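As structure tokens, the structure follows; a few thoughts come after it.
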Amino acid sequence: MPFTPYHIGPGLFLGLVLLGLIDFPTFLVANVIVDVEPFLVLFFDLNYPLHGFFHSFLGGTLVAVLLALVMFKIRDKLTPVLAFFQIKQKVSFKRIIVASFSGIYLHILLDSPIYSDIQPFYPSAYNPFFSGGILAGLESYIFCIGSFLAAVAVYVVMLILRRKQKKI
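Going left to right, the sequence shown walks through residues 1 to 168 as the numbering used here numbers them.
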């Protein structure tokens with residue numbers, strides 16, 4: 001995605017739907033953290049692919065492990081933020097690890113059909129997902145925007161159900 005916020009849509013939607021299986025804040029961060037790489041390439045005008053090593057499953061795995069370790073250390077500090085949004089979760093390293101890997105791999109899979117410089121199976125340059133057409137990008141954008149709208153709907157339903165439970 002040219003703009004990292006597009007990755008928030010699938011992150012929010014899947015994070016809410018899979019709330020009982022994955023750690024929500026870790027999944028959200030995992031969906032966008034890989035784009036630190038193209039940001040740094042652009043910001044520092046580096047002679048490096050916009051979507052380099054960390055947009056591969058190998059590089060993404062390294063990021064996922066580091067992210068999981070960091071999130072496990074700081075996760076309790078995020079509980080008040082989740083409480084503000086009325087999202088309750090049990091914290092476990094297993095949920096954090098699953099969220100970290102799945103969020104980063106989802107990011108790579110969403111970007112791979114669009115960008116020719118992505119090598120998801122690095123060190124192999126082969127990208128079986130790349131389509132090269134304008135429609136590939138359009139389909140990804142539509143999916144991401146649709147996911148965001150679906151996430152809003154899921155969240156509203158969650159809030160309504162929670163209020164009904166409080167009245168009982």
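Glycine residues also receive a C-beta, built at the ideal position from the N, C-alpha and C atoms.
Since we're looking at a predicted model, the values are computed, not measured.
For V154 and V91, the rounded distance between their alpha carbons:
Roughly 21 Å between the two C-alpha positions.
With burial defined as no fewer than 16 other Cβ atoms inside 10 Å of the residue's Cβ, what is the status of D76: buried or exposed?
The residue is exposed, with fewer than 16 neighbouring Cβ atoms inside 10 Å.
Any idea what DSSP makes of S102, helix, strand or coil?
Here S102 sits in helix by DSSP.
Among L69, L18 and T61, which residue has its Cα nearest to the Cα of Y122?
Closest in C-alpha terms to Y122, from the list L69, L18 and T61, comes T61.
Expressed to the nearest angstrom, what Euclidean distance is found between the alpha-carbon atoms of C144 and L46?
Going by the C-alpha atoms only, they are around 28 Å apart.
So P113 packs on S100, CB below 8 Å; how close in whole Å?
Beta-carbon to beta-carbon, P113 and S100 are separated by about 23 Å, too far to satisfy the 8 Å threshold.
With a threshold of 7 Å on Cβ separation, who are the neighbours of F43 within its own chain once the five nearest residues in sequence on each side are excluded?
Counting only Cβ-Cβ distances below 7 Å, and skipping sequence neighbours, we find nothing.
Short of 6 Å in beta carbon distance, which residues of its chain neighbour N31, apart from the five on each side in sequence? Order them along the chain.
Result list for N31: H7, G11, G103 and H107, in chain order.
Exposed or buried, M71, counting other C-beta atoms within 10 Å across all chains shown (16 or more means buried)?
With 16 or more Cβ atoms within 10 Å of its Cβ, M71 is classed as buried.
Out of F13, L66 and T4, which one is the CA nearest neighbour of A151?
In terms of CA proximity to A151, F13 leads the group F13, L66 and T4.
Give the straight-line distance between the Cα atoms of F129 and K164, rounded to the nearest whole angstrom.
Cα-Cα distance, rounded: 44 Å.
Does DSSP put K88 in a helix, in a strand, or in coil?
It is coil, neither helix nor strand.
Report, in whole angstroms, the separation of the C-beta atoms of L82 and P25, which I expect to be a contact under 8 Å.
Right, their Cβ atoms sit about 7 Å apart.
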